[in-house]
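Numbering (full-length UniProt numbering), first residue to last: 1 to 310.
Even for Gly, the Cβ is constructed at its ideal location relative to N, Cα and C.
Please read the structure below before turning to the comments.
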């Protein structure tokens, strides 16, 4: 069940963002505090980037990660689960698929990372899901809230910068105020952020989503301090040449849930992903040899992820 405010357990899960804000207007203040923080552009050194339908967890003692973060969230919602005593944190980029299973696994992982540390509470923060015309963001919000509400632990919602609280007008169009956030693993600070480097293996990771994988992938092994991708497979993409022959505007209008507010790199990144799929029609054969994940370790000299060669 979610501890929504002042330690009071809620009998019912909020049906939408408006009902949450109406009953608990304090979340407007929390969102404003987040808005007031200067957005940071976070480079690859010490970064653990989490893409759509991915999640990862770490803790302050992890010498391989300084910042965990995600961006490009329009109708999606970035979810941060943190143990206040140990500082253990998990972050996910949810679009509505695979939420139930991922929520349970995230909370369990945070509890495991918090073993042996001072007692604390499990805190939940939600950022994203602006007020889009199709209410996709509201659907994602409800699926997340329902999953946490059904969890057996008491979980304290400390931030809900979603819906109207993450929406501004640009001309006559609703737009997200915050597209992404980072979490400082060492201090627990959460801040608006952009990530120019979304790797490694960006096209491979995006290909999994493009081809319809429904699960939320855990991309980090904190015990090894290594980023882990796969293994997974997908069927060949029919008509890849046809997709690649289309204009950026066509890709934007047909492949985005929010074409009016996507960042400029949406179409080029989508095109690169389709090209990758075209060149790797059976990733189980061409990418994940011997059905092994692709592991990346943090390079001591550069601070960036480098592929581990076996």
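Counting every other CB atom within 10 Å of its CB across the protein chains shown gives residue 302 a total below 16, marking it as exposed. Our two residues, residue 99 and residue 247, have alpha carbons roughly 33 Å apart in a direct line. With a cutoff of 8 Å on beta-carbon distance, residue 110 and residue 57 are scored as near each other.
For residue 184, there is no enclosing alpha helix (DSSP H); the enclosing beta strand (DSSP E) has its first and last residue at 181-184. Here residue 174 is bridged, per DSSP, to 169.
Residue 54: member of the beta strand (DSSP E) spanning 54-58, first to last residue.
The C-beta distance from residue 54 to residue 219 rounds to 5 Å, short enough to fall under 8 Å. Within the same chain, Cβ atoms closer than 8 Å to the Cβ of residue 305 are found at 44, 199, 200, 227, 296, 297, 298, 299, the five residues on either side in sequence being excluded.
Counting along the chain, residue 271 sits inside the alpha helix (DSSP H) bounded by residues 266-279. DSSP places residue 149 within a helical segment (H, G or I) once states are collapsed to three.
Counting along the chain, the unbroken alpha helix (DSSP H) around residue 30 starts and ends at 26-35.
Approximately 27 Å separates the beta-carbon atoms of residue 245 and residue 75; this is outside 8 Å, ruling out the contact. When the beta-carbon positions are compared, residue 144 and residue 94 come within less than 8 Å of each other.
The residues 75, 258, in chain order, have a CB closer than 6 Å to that of residue 132 in the same chain once the five nearest residues on each side in sequence are set aside. The residues 248, 251, 252, in chain order, have a CB closer than 7 Å to that of residue 267 in the same chain once the five nearest residues on each side in sequence are set aside. Residue 23 has no beta-bridge partner at all, per DSSP. For residue 83, there is no enclosing alpha helix (DSSP H); the enclosing beta strand (DSSP E) covers residues 77-83. Within the same chain, and ignoring the five residues on either side of residue 292 in sequence, the residues whose Cβ sits closer than 7 Å to its Cβ are 231. With contacts defined as CB atoms closer than 8 Å, residue 202 and residue 229 fail to qualify as a contacting pair. For residue 207, the secondary structure class from DSSP, reduced to helix, strand or coil, is helix.
The three-state secondary structure of residue 123, taken from DSSP, is strand.
A straight-line Cα-Cα distance of about 27 Å links residue 172 and residue 191. Short of 7 Å from the beta carbon of residue 255, and not among the five residues preceding or following it, lie these beta carbons of its own chain, in chain order: 270. Its Cα nearest to that of residue 120, the residue 81 stands out among 81, 140, 180, 31. Under the three-state reduction of DSSP output, residue 104 falls in the helix class. Here residue 78 has 70, 93, 127, 128, 181 as same chain residues with Cβ atoms under 6 Å from its own Cβ, once five neighbours each way along the sequence are excluded.
DSSP, reduced to helix, strand and coil, places residue 162 within a strand of the structure shown.
The beta carbons of residue 107 and residue 151 sit closer together than 8 Å.
Per DSSP, the beta-bridge partners of residue 226 are 221.
DSSP, read as helix, strand or coil, puts residue 143 in helix.
Bounds of any alpha helix (DSSP H) do not take in residue 247, whose DSSP letter is neither H nor E. If you draw a 10 Å sphere on the C-beta of residue 265, you find fewer than 16 other C-beta atoms in it, and that means exposed.
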